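So the structure is just underneath, and the comments pick up after that.
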Amino acid sequence: MNTRRKVPMRKCVATGEMRPKKELVRIVRSKEGEVSIDLTGKKSGRGAYLSKEKEAVILAKKKNSLANHLEVTIDEALYDELLSIIEKENRQS
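Following full-length UniProt numbering, the numbering of the sequence shown begins with 1 at its first residue and continues without gaps.
In C-alpha cells, the structure reads:
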C-alpha cells in the first residue's frame, strides 16, 4: 500500500514555476472584487499563488501578474503586506 500522499502543486504567477502548495502564498479575489491574502488557502474566490520569496513578490508587482491573473487592480499595500508576511516566515524558519 502506498502511504505517500500526493503533494499538491501550484504554479507561481510571477515566476511560472510549479512548487508545493505549502511554499506558496494564496492571494484571493472575492465575488465583490476584494483582494486579500489567504493564509489558510480556503477562502472562496479566484485565487493566485505566489512563491514565498521577496523576488517573486517584486517580480509580480513589476510584471503586474497578480492584477492580470485576478483581473483586478492590486493595491500597493497588498504587496507590502505580502513582503512583511514573507519576512516574518523567513525569520521563524
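The C-beta atom is built at its ideal place from N, Cα and C for all residues, glycine as well. Bear in mind the structure is a predicted one, so any value in this text is a computation, not a measurement.
- Within a 10 Å sphere around the beta-carbon of S51 sit 16 or more other beta-carbons, which makes this residue buried.
- By the neighbour-count criterion, in which 16 or more other beta carbons inside 10 Å mark a residue as buried, R91 falls on the exposed side.
- At the C-beta level, H69 and V13 come within 8 Å of one another.
- Judged by DSSP secondary structure, I58 falls within the alpha helix (DSSP H) whose first and last residues are 54-63.
- In this structure, the beta-carbon distance from I58 to A67 does not fall below 8 Å.
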